[in-house]
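When we follow this note's numbering, the leftmost residue of the sequence shown carries the number 1, and every step to the right adds one.
What follows is a single structure, written as structure tokens, with notes after it.
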Amino acid sequence: MFAFAYSILTPDVIYHKGDLGKESMILVFGKNPNEVIEKISKIV
Numbered sequence: 001m002f003a004f005a006y007s008i009l010t011p012d013v014i015y016h017k018g019d020l021g022k023e024s025m026i027l028v029f030g031k032n033p034n035e036v037i038e039k040i041s042k043i044v
């Protein structure tokens with residue numbers, strides 16, 4: 001979280017590969033749900 005705390009730009013995606021006892025996850029950010037769906041569609 002602190003890696004981008006002082007950044008001017010907000011990241012579109014943050015991911016964590018997981019660890020022992022932790023699930024991997026991907027967080028996709030957008031201004032609204034439609035924007036998030038558009039970003040995910042570009043990835044897929």
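C-beta atoms are modelled at their ideal positions from N, C-alpha and C, and glycine is treated no differently.
Since this is a predicted model, take the numbers as computed values, not measurements.
Since residue i and residue j are thought to touch, with beta carbons under 8 Å apart, how far apart are those beta carbons, to the nearest angstrom?
i	j	result
Lys39	Asp19	With 8 Å as the limit, Lys39 and Asp19 do not qualify as a contact, their Cβ atoms being about 26 Å apart.
Under DSSP, the alpha helix (DSSP H) around residue i begins and ends at which residues?
i	result
Ile43	Pro33 to Ile43
If you draw a straight line from the C-alpha of residue i to the C-alpha of residue j, how long is it?
i	j	result
Tyr6	Ile14	16 Å
Ile26	Pro33	15 Å
Ser24	Val44	18 Å
Lys42	Val28	12 Å
Give the range of the beta strand (DSSP E) segment to which residue i is assigned.
i	result
Ile14	Val13 to His16
Leu27	Met25 to Val28
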